[in-house]
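Take a look at the structure set out below.
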Amino acid sequence: MLMGTVTYPECLGQFMAGKKKFLTTLIDFFANCTWSNVEGATVCNGSITDSYTGLHHDVSIFVSLSVFIFVHFFLSILCHTMPIPSGIIISCLGIGAAMGRLIGETFSVINHGFVWTGAVHQAIYPGVYAVAGSAAMVGSVTHTVSTAVIMFEMTGQLLHLLPVLMAVIVSNAVCSFFEISIIDSVIQLRKLQYL
Numbered sequence: 001m002l003m004g005t006v007t008y009p010e011c012l013g014q015f016m017a018g019k020k021k022f023l024t025t026l027i028d029f030f031a032n033c034t035w036s037n038v039e040g041a042t043v044c045n046g047s048i049t050d051s052y053t054g055l056h057h058d059v060s061i062f063v064s065l066s067v068f069i070f071v072h073f074f075l076s077i078l079c080h081t082m083p084i085p086s087g088i089i090i091s092c093l094g095i096g097a098a099m100g101r102l103i104g105e106t107f108s109v110i111n112h113g114f115v116w117t118g119a120v121h122q123a124i125y126p127g128v129y130a131v132a133g134s135a136a137m138v139g140s141v142t143h144t145v146s147t148a149v150i151m152f153e154m155t156g157q158l159l160h161l162l163p164v165l166m167a168v169i170v171s172n173a174v175c176s177f178f179e180i181s182i183i184d185s186v187i188q189l190r191k192l193q194y195l
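Mapped onto this note's numbering, the consecutive letters of the sequence shown carry residue numbers 1 to 195.
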């Protein structure tokens with residue numbers, strides 16, 4: 001009930017596509033265009049960006065992505081600690097995709113949509129950052145590298161193999177240094193037998 005109230009389109013949902021289904025927001029995050037008006041870059045159409053700029057379309061996408069991350073992070077903690085079955089993978093995909101999108105959009109605005117590689121300038125696609133961010137988030141929570149394979153199957157392309165694999169391996173290594181996986185944590189909290 002709290003999740004539905006907070007994400008209602010007239011409340012905080014106006015900043016995070018409250019009128020759309022969660023799967024549609026994931027597809028929006030993975031889009032290979034930029035949400036910010038960067039001259040020369042491929043800008044997404046209004047049907048995507050209008051859902052994240054508030055009711056009067058006067059809110060920055062950076063504020064909207066930050067609100068999405070903050071709200072979904074803390075509400076997913078509340079939802080996953082309840083004694084009912086819940087899927088942690090999808091919420092981690094969304095939070096990681098929003099974090100990656102935020103980093104990609106910031107990088108795109110700072111560099112005016114392009115990055116120089118030698119004599120050629122390459123376009124910056126924030127959707128790639130969203131794919132790598134979502135894979136890294138799920139990989140860090142579950143401590144599995146197979147998350148990269150799941151992301152390749154979801155997106156249907158192997159073009160960004162190296163950044164996604166690097167993000168998953170680094171996040172997995174850092175998180176396994178600090179804490180056990182969420183699955184092992186739940187098993188220990190419920191005092192279940194395991195090998």
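Ideal Cβ positions, reconstructed from N, Cα and C, are used throughout, including at glycine.
Can you give me the Cβ contacts of residue i inside the same chain, cut-off strictly under 6 Å, excluding the 5 residues immediately before and after it?
i, result
"GLY139", "THR147, VAL168, SER171 and ASN172"
"SER76", "SER91"
"THR53", "VAL59"
Span of the alpha helix (DSSP H) holding residue i?
i, result
"HIS121", "Run containing HIS121: none in the alpha helix (DSSP H); it sits in the beta strand (DSSP E), 120-123."
"PHE22", "22-29"
"VAL109", "88-110"
"ILE48", "46-49"
"GLN188", "182-189"
"GLY13", "Here GLY13 belongs to no alpha helix (DSSP H), and DSSP marks it neither H nor E."
"MET82", "Looking at the DSSP string, MET82 is not in any alpha helix (DSSP H), and its letter there is neither H nor E."
Within its chain, find whatever has a CB closer than 7 Å to the CB of residue i; leave out the 5 residues flanking it on each side and keep chain order.
i, result
"ILE182", "ILE88, VAL141 and THR142"
"SER176", "HIS143"
When you compare only the Cα positions, how much space is there between residue i and residue j?
i, j, result
"MET200", "THR25", "Residue 200 cannot be examined here, being either before or after the span of the chain that is shown, 1 to 195."
"ALA98", "TYR194", "34 Å"
"GLN50", "ASP28", "Note on residue identity: the sequence assigns Asp, not Gln, to residue 50. So the two alpha carbons sit approximately 11 Å from each other."
"GLY94", "THR155", "14 Å"
"LEU161", "GLN14", "34 Å"
"SER185", "SER47", "40 Å"
"VAL67", "ILE90", "18 Å"
"LEU65", "GLY100", "10 Å"
"VAL59", "LEU102", "15 Å"
"TRP116", "HIS80", "43 Å"
"PHE152", "LEU192", "33 Å"
"LYS20", "HIS112", "29 Å"
"ALA132", "GLN188", "30 Å"
Along the chain, where does the beta strand (DSSP E) that runs through residue i open and close?
i, result
"VAL59", "Where VAL59 is concerned, there is no enclosing beta strand (DSSP E), given that its DSSP letter is neither H nor E."
"VAL115", "114-117"
For residue i versus residue j, is the C-beta spacing smaller than 7 Å?
i, j, result
"CYS11", "ALA31", "no"
"CYS92", "MET166", "no"
"GLY96", "TYR129", "no"
"ALA135", "VAL164", "yes"
Could you name the residues of the same chain whose beta carbon sits closer than 8 Å to that of residue i, not counting the 5 residues immediately before and after it, in chain order?
i, result
"VAL71", "VAL6, THR7, LEU12 and MET16"
Every unbroken alpha helix (DSSP H) inside the segment 121-162 [4 residues or more]: 126-142 and 147-155
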